[in-house]
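Peer 1: One structure follows; several queries about it will come next.
2 protein chains.
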Amino acid sequence: MPSESTHFTLDESQIPTAWFNVIPSMPTPPSPPIHPGTKQPIGPHDLAPLFPMGLILQEVTTDEWIEIPGPVLDLYRRYRPTPLIRARGLEKALGTPARIYYKYEGVSPAGSHKANTAIAQAYYNQAEGVSRLASETGAGQWGSAIAMACSFFGLECRVYMVRASYDQRPGRRAMMQTWGAAVWPSPSPDTAVGQKILAEDPNSPGSLGIAISEAVEDAPKREDTKYCLGSVLNHVLLHQTVIGLEARAQMEKADDFPDVIIGCVGGGSNYAGLAYPFIPDKVRDGKQIRFIAAEPSACPTLTEGTFEYDFGDTAQTTPLLEMFTLGHGFIPPPIHSGGLRYHGDAPSLSRLVKDGVIEAVAYPQTKVFESAVQFARAEGIIPAPESSHAIRTAMDEALACRETGRESAILFGLSGHGLLDLSAYDRYFAGDLID
Amino acid sequence: MPSESTHFTLDESQIPTAWFNVIPSMPTPPSPPIHPGTKQPIGPHDLAPLFPMGLILQEVTTDEWIEIPGPVLDLYRRYRPTPLIRARGLEKALGTPARIYYKYEGVSPAGSHKANTAIAQAYYNQAEGVSRLASETGAGQWGSAIAMACSFFGLECRVYMVRASYDQRPGRRAMMQTWGAAVWPSPSPDTAVGQKILAEDPNSPGSLGIAISEAVEDAPKREDTKYCLGSVLNHVLLHQTVIGLEARAQMEKADDFPDVIIGCVGGGSNYAGLAYPFIPDKVRDGKQIRFIAAEPSACPTLTEGTFEYDFGDTAQTTPLLEMFTLGHGFIPPPIHSGGLRYHGDAPSLSRLVKDGVIEAVAYPQTKVFESAVQFARAEGIIPAPESSHAIRTAMDEALACRETGRESAILFGLSGHGLLDLSAYDRYFAGDLID
């Protein structure tokens, strides 16, 4: 019998002490990254200019469990374990027999799940003597998280922020500066890539692909600097699995187990974090679990992209990854889920979709905001537009249960709050959002 | 021996089931409110046009414990218990032998402690057939919380928002609208008070005193409407005691007990919520606890005000309360702690200061922002400017411990996050804040 409770807390001692690596459980392992110059599979030494060896080894490992270092755990303790909440208000509003649970990562000081990997990445860099990190940010969630993590470890932090966001989101910029980061609008005059683009168009609004190119150029130029990123790569997804491992313990506390597991997907780290610890239940143990990845129909990588090798950035400087992609030149329309506007997806997640383990859906943003508002009124939390793709999907599953009478347990990831996205809500109410 | 842990969580079952009423523990009970017309102590019937009887009875009760109704507990479970965190990063940054703990209310969906009483007030109103609430808000914390609570109980909500805030804080307005509230800039043409002020000055920026007058005028005009407020009165402070009751259980879990208890004070509900459950330890049991209330030096009610009967609003329509006051006509300068810009203070808190149980300090805003930034870099959370007054005070206590070597346990209330206040941080970094 599922528990009568609503809020499933864990004790500090129940924070996972190891990250879960999904690679050994995959029906087909992801293909290796390809060097953009040699077109050969890259080795650890190819990545050394960009990443510390601790993270490179995590990128290629096939070990199933990776111990979380003590200093990382110490910092997780500031906001973890995060809550698992039974969405009783939403269930009632929908009149569904389904049980809806959400794992809420918005309690992190940076407001989203991104802190889980930012802290780990800052740790491994500092441990190897790096004193400065360069990275990019679109809407600002990742930039905020890495700025915070750098402040914890005393690292300098340079964030290339997509120009359009930099101008429209002064709050995000102020957050990063509060944590001590130097934030530059991208394209910037500080890199060759930025200079080239500015020469062609001094008013370029930038894109995530351009910002990545700038950060990737910045890092190898300086002895003290490495590059870091907030999604797509194996080691990033690995760090996020604390979400799913905690959710698993909390579902046990709820005397329940998910029939459906839902999350939004931009680069894939949020959804992987929640879903991957449950993948062996389906793949190895044959449990009937539906995994659903939700993306915006304005950037439909998993639902309409091609599965092939492609670059991670605009300037074609990153290794080639085998993944679902809309093409590295794809510029998504300016929707309000900045965190989901990426042309590619994590290779491991792409492979699991290709192999039919995970299914994908896409929603237009007005449908997404409609459910975000319904969720806020029923449950309280004002969700991030990104996370609201998962809410929309969970609601549609719960409404299907109302039709069939099926009492499914639906678990979705609420990756962050929307308190830095209120202008988008304002525009939604004013009828200014289009699909 | 104090615990080695950092994050002290409680289980849902440990949410307090009764609120704690400090009145029976006070050395001198607060004097009764006085009717503005008759100048006689007011009775329950005088308050009936404004409040439901359930709340009026709580306003006057001398019972020590008031049972929390089931539906209120059900909604508390969405975000409570809130965390108690040992500020290990801050301790290290300060090099102090003190143990610093903070109770964090920013995990509530509205971002502050205000939800604790908003939910209770919406419940009692709905239980007595009220279908619409009118209230005021300054910076927007209270308006957000009551808007959310009304959405939970299906009540209409009208918020009179101080004009200056309405114009400068579109995010706060969007939050309230997301929860379905109707938000009017105050002074508004919708009330006689508002019309009168607009006739004198069509560009009036408004004040909290004016907004209170408008909401107090709105409520009795309609059969379906009552008034509600977010601080000052006994029943509001009562509902906040879940904070201190939880903190008490969490300090036990930490194998520690506070020597100093600190909170910021605007109307007094946040600090009362944390401190009141510990008052009997000092007053009845003679424990050596220092209670410190922190306020802005721009609105120094407790440190420089007069202890006397005064009105709660500008238009002199509310009952007279015996309290520390700067005068009901006092207009505080436009500092960035909107929630602390009130001319008076709760009668019970004022009395405890008058009787020497609680001491008070005042800080200028640049000192406050300086410590807010230091806290964010050491602990992660970007605090509300209001809450940062408590941080400043806790830091000064901890620095004093560094001098004396005293290993005090310092507990402070972190009443909310500052994610809706990032423009103030921006101005602080730009050097635009003055004291």
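As you go down the protein sequences, you meet chains Y and V in turn. Heads up: the first sequence at position 368 corresponds to 368 in my numbering, and the numbers run straight through without jumps. Heads up: the second sequence at position 79 corresponds to 1079 in my numbering, and the numbers run straight through without jumps. Glycine included, each C-beta is placed from N, C-alpha and C at the ideal position.
(1) Pick out the complete beta strand (DSSP E) segments inside the region 7-38 of chain Y, 3 residues or longer, and give them in chain order.
(2) Only counting runs of 4 or more residues, tell me where the alpha helix (DSSP H) segments fall wholly within the region 293-376 of chain Y, in order along the chain.
(3) Whole angstroms are fine: how far does the CA of alanine 1346 of chain V sit from the CA of leucine 1302 of chain V?
(4) Which full runs of the beta strand (DSSP E) of 3+ residues lie inside the region 202-276 of chain Y, going along the chain?
(5) Rounded to the nearest angstrom, what separates glycine 356 of chain Y and glutamine 288 of chain Y at their Cα positions?
(6) Using the Cα positions of alanine 1293 of chain V and alanine 182 of chain Y, report the straight-line distance between them to the nearest angstrom.
(7) Taking the alpha carbon of alanine 149 of chain Y as the reference point, which residue from Y/Met175, Y/Tyr309, Y/Pro33, Y/Ile85 has its own alpha carbon closest?
(8) Pick helix, strand or coil for tryptophan 179 of chain Y, following the three-state DSSP scheme.
(9) Among all the DSSP beta bridges, which residues are the ones paired with leucine 1414 of chain V?
(10) So does the region 265-282 of chain Y actually touch the region 407-423 of chain Y, counting three or more Cβ pairs closer than 8 Å?
(11) For glutamate 322 of chain Y, which residues of its own chain have a beta-carbon under 6 Å away from its beta-carbon, when the five flanking residues on both sides are left out?
(12) To the nearest angstrom, how far is it from the Cα of alanine 1164 of chain V to the Cα of isoleucine 1331 of chain V?
(13) Going along the region 1369-1394 of chain V in order, which residues come within less than 9 Å of chain Y, judged by CB to CB distance?
(14) Tell me where the beta strand (DSSP E) around serine 135 of chain Y begins and ends.
(15) Considering only residues of the same chain and omitting the five flanking positions on each side of threonine 96 of chain Y, which have a CB-CB separation below 8 Å?
(16) Strictly under 7 Å for the Cβ-Cβ distance: is threonine 6 of chain Y near chain V by that measure?
(17) Suppose you measure from the CA of tyrosine 1101 of chain V to the CA of isoleucine 1085 of chain V; what does that come to, to the nearest Å?
(18) If contact means a Cβ-Cβ distance below 7 Å, which residues of the region 166-185 of chain Y contact chain V?
(19) Quick one: what does DSSP say tyrosine 1166 of chain V is sitting in, helix, strand or coil?
(20) So that I know if they touch, is there some Cβ in chain Y lying closer than 7 Å to that of phenylalanine 1311 of chain V?
(21) Using a Cβ cut-off of 9 Å, pull out every chain V residue sitting near isoleucine 85 of chain Y, in sequence order please.
(22) Indicate the three-state DSSP secondary structure (helix, strand or coil) for alanine 149 of chain Y in the structure shown.
(23) Just mark aspartate 218 of chain Y as buried or exposed, buried being the case when its beta carbon has 16 or more other beta carbons within 10 Å.
(24) Nearest-angstrom Cα distance between lysine 92 of chain Y and phenylalanine 375 of chain Y?
(25) Is there a C-beta anywhere in chain V that falls below 7 Å from the one on valine 107 of chain Y?
(26) Is the CB of leucine 1198 of chain V under 7 Å away from at least one CB in chain Y?
(27) Do the region 120-140 of chain Y and the region 153-169 of chain Y touch if we need at least three Cβ pairs shorter than 8 Å?
(28) Checking contacts by CB at 7 Å: is phenylalanine 257 of chain Y closer than that to chain V?
(29) Measuring CB atoms only, is the region 1071-1079 of chain V touching the region 1106-1118 of chain V, in the sense that at least three cross pairs come out at less than 8 Å?
(30) Of all the options V/Lys1226, V/Thr1225, V/Gln1240, which has the alpha carbon lying nearest to the alpha carbon of valine 1232 of chain V?
(31) So, at 8 Å on beta carbons, what are the nonlocal neighbours of arginine 1427 of chain V in its own chain, with the 5 sequence-adjacent residues on each side left out?
(32) If you draw a straight line from the C-alpha of serine 3 of chain Y to the C-alpha of leucine 349 of chain Y, how long is it?
(33) Distance check for asparagine 116 of chain Y and alanine 1378 of chain V, CA to CA, integer angstroms please.
(34) Glycine 111 of chain Y versus chain V: which residues are under 8 Å apart at the beta carbon?
(35) Can you tell me the Cα-Cα spacing of alanine 390 of chain Y and alanine 384 of chain Y, whole angstroms?
(36) Against tyrosine 1425 of chain V, what residues of chain Y qualify as contacts under a CB-to-CB distance less than 7 Å, listed in chain order?
Peer 2: A quick look at the data gives this:
(1) 18-20
(2) 301-304, 347-354
(3) 10 Å
(4) 225-227, 260-264
(5) 13 Å
(6) 36 Å
(7) Y/Met175
(8) coil
(9) V/Tyr1104
(10) yes
(11) Ser31, Tyr309, Pro347
(12) 13 Å
(13) Ala1372, Val1373, Ala1376, Arg1377, Ala1378, Glu1379, Gly1380, Ile1381, Ile1382
(14) 132-137
(15) Ala398, Leu399, Cys401, Arg402
(16) yes
(17) 6 Å
(18) Pro170, Gly171, Ala174, Met175, Gln177, Thr178, Trp179, Gly180
(19) helix
(20) no
(21) Arg1077, Arg1078, Tyr1079
(22) helix
(23) buried
(24) 11 Å
(25) yes
(26) no
(27) yes
(28) no
(29) yes
(30) V/Gln1240
(31) His1336, Leu1433
(32) 32 Å
(33) 17 Å
(34) Leu1419
(35) 10 Å
(36) Ala174, Thr178
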